[in-house]
Structure formats: C-alpha cells, structure tokens
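Undergrad:
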DNA sequence: CTTTGCACCTGTTGGC
DNA sequence: TGCCAACAGGTGCAAA
C-alpha cells in the first residue's frame, strides 16, 4: 500500500477538488472490502457536503456536514478524482459523484481497503481510538519511544511498525528509517538507548517528509489522485536492494524475512 | 500484558 | 510457452 506518504499525497491531491462539494451520487460496485460496506451506506452519504479532507495514520477522513467518511487504501487501493470521461474499470469498487461534476473513484484490486461512515466523534471510532502518535507531530519524541520500548523483546523494526507505538510507518519506510538511524532492524526494541531513540525519531520524520515531498513511493500499484506514480523509489537506500551496493559504503545490502515481511539493511552502516 | 502467526484478496514474477 | 509457488506497500484478530 500506500504508506503514510502515499496517503498524505492522496489527501493533498483530492482536498482541493472535493472540499466544499456535495456528494450527489454514491455508486458501489463491490461491497466486499476489508469490512463489507453495509446496506444504507449510500443513503447515509448521498447529499452530504464535504467540509474538509484530513488524515489520521493511514486513514483519510472526509468530514461532512453529517458524519465522517473514514477511508483506508489497504495494500493496493488508490483514490482518484476523475471527470466524466473514463468509464469504470476493473476493481473500481466505490465512486462518489460530486456537485462539480467530478467523481472520486476508489480502485482496489486486493480489496484490503475500507469505507466507513461514522457519525459522532470519529476519533473515538474503534479503528482510531487506540492509535499511537502521528510521526510528524510534536508528541512523537525520543522520550516516548524510549519509554514505550522498555522491556519489549520484539525486533525494533516490528516495534516501529506497530500503529499503537507510532502510526504510519510501513514496511518500506521502516527499513529506510532504520538505515538512516544506523540501527539494525533485528535489534530488540528494549535494547535501544535514548540516543538511539532520538536518531530513530529523527530518521522516521526525515524519511516520511522526504517521501511526501516526492509524492510517495510507487513500487507497483500506487498512483496519486491524478493517476501518477510517486518518485521516492529512486531515493530508497535499502528497500528492495538486496545484494546491491550500499549507497553510503558500498557493502552489499542484506535482506531477510522478519515477522513475515521482507526487511533490508546494510550490515556495515547499521548496528 | 506481549508475541506470533494467520487471515483477508488479486496480480505479478520467477523458477522449472 | 505454461504451470505453480512465492510474494506484494496493511492490519485486525485469535491463540499461546
């Protein structure tokens, strides 16, 4: 998927064209997403006016004059603003027609994405209520990471990918941030020093910010709101670079499966 | 409580 | 060329 930079890029891409628009039509071609879209979704959403497009973790929040549309792109989802031209294609599961004639089109081959219409305080929705801090917010600090990692035996890579610790760090950026921080992904989280946590917080912030500036990373599926790929892939230091020379020291990049996910690191730059 | 592994899906890739 | 296994950016949940 879309990790945080890709979701943020999507948010920025659609905010300008959907904010202030009324949702005139709601078309669902396949309700079988991660959580089936309930009957009644269409009638609840149609007629609502979109007031703002926000992001929490990897969720997009479309605030309306009624409730909030809570959207997740899963592993292969994308959300695009299209005009009347292109007809629906395979895996275009959800489409919102807007007052300005545009359509917000959700495409997701693997159907790991989701749509919820939430009334009331969306931050108390079960999917959001227990999430950790935003990595680019001020409350994500070395002290917090240090405190939360005490007595944790999980590998630091899995630790920073845990959304209850910090949100938005997916498989690509976890490896990249650990490279930048000089920390091996297999180290137990509880073995991090406060200084390690400081470098790691800085590295997570830096890599996510840089990726947002490049429009995200496209490996396969991801396209932004205009249907274009992200350009951060060429700036990756370790991800999917097994056996290739480290960009910093030329040592061959290593990889192994950790917690079911491919992990990459430089054995010389990281300890 | 922590940790681990599975489940949900389709599409692409690489080895034989 | 064809077939099949392995793998792919997420994350909730059950089980131990």
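Residue numbers (the working numbering): -6 to 264. Where a beta carbon is used, it is the ideal one built from N, C-alpha and C, also for glycine. These numbers were taken from a predicted model, which means no experiment stands behind them.
For the structure I just gave you, are there three or more beta carbon pairs, one from the stretch 191 to 202 and one from the stretch 173 to 181, closer than 8 angstroms?
TA: yes
Undergrad: Thinking residue 44 and residue 0 are a contact (beta carbons under 8 angstroms), I'd like their distance in whole angstroms, please.
TA: Not really, about 19 angstroms apart at Cβ, beyond 8 angstroms.
Undergrad: For residue 95, tell me which candidate among 232, 10 and 80 has the shortest Cα-Cα distance.
TA: 10
Undergrad: Which residue's Cα is closest to the Cα of residue 127: -2, 260 and 99?
TA: -2
Undergrad: In chain order, what residues of the same chain have a beta carbon less than 7 angstroms from the beta carbon of residue 169, not counting five sequence neighbours either side?
TA: 200, 229, 230, 231 and 232
Undergrad: Over the uninterrupted beta strand (DSSP E) stretch that includes residue 132, give me the two end residues.
TA: Premise fails: residue 132 is in no beta strand (DSSP E) and is neither H nor E.
Undergrad: Would you report the Cα separation of residue 78 and residue 261, rounded to the nearest angstrom?
TA: 52 angstroms
Undergrad: What residue range is occupied by the uninterrupted alpha helix (DSSP H) comprising residue 2?
TA: -3 to 11
Undergrad: I need the boundaries of the alpha helix (DSSP H) containing residue 166, first residue and last residue.
TA: 164 to 174
Undergrad: Kindly provide the ranges of any alpha helix (DSSP H) runs that are 4 or more residues long and lie completely inside the stretch 164 to 249, ordered along the chain.
TA: Runs of the alpha helix (DSSP H) inside the stretch 164 to 249: 164 to 174 and 187 to 206.
Undergrad: If you drop the 5 nearest sequence neighbours on each side, which residues of the same chain put their C-beta closer than 6 angstroms to that of residue 37?
TA: Take residue 37, set aside five residues on each side of it, and the residues of its chain with a beta-carbon closer than 6 angstroms to its own are 110, in chain order.
Undergrad: In whole angstroms, what separates the C-alpha of residue 240 from that of residue 142?
TA: 30 angstroms
Undergrad: So for residue 89, helix, strand or coil by DSSP?
TA: strand
Undergrad: Hey, out of 136, 60 and 146, whose CA is closest to residue 112's CA?
TA: If we check each option's Cα against that of residue 112, 60 comes out closest.
Undergrad: Residues in the same chain with beta-carbon distance under 6 angstroms from residue 139, minus the five sequence neighbours each way, listed in chain order, please.
TA: 187 and 190
Undergrad: Just the Cα atoms here: how many angstroms apart are residue 88 and residue 4?
TA: Just so you know, the alpha carbons of residue 88 and residue 4 end up roughly 16 angstroms apart.
Undergrad: From the DSSP output, read off the bridge partner residues of residue 107.
TA: BP columns for residue 107 point to 65.
Undergrad: Do you know offhand how far residue 253's Cα is from residue 151's?
TA: Distance between the alpha carbons of residue 253 and residue 151: 10 angstroms.
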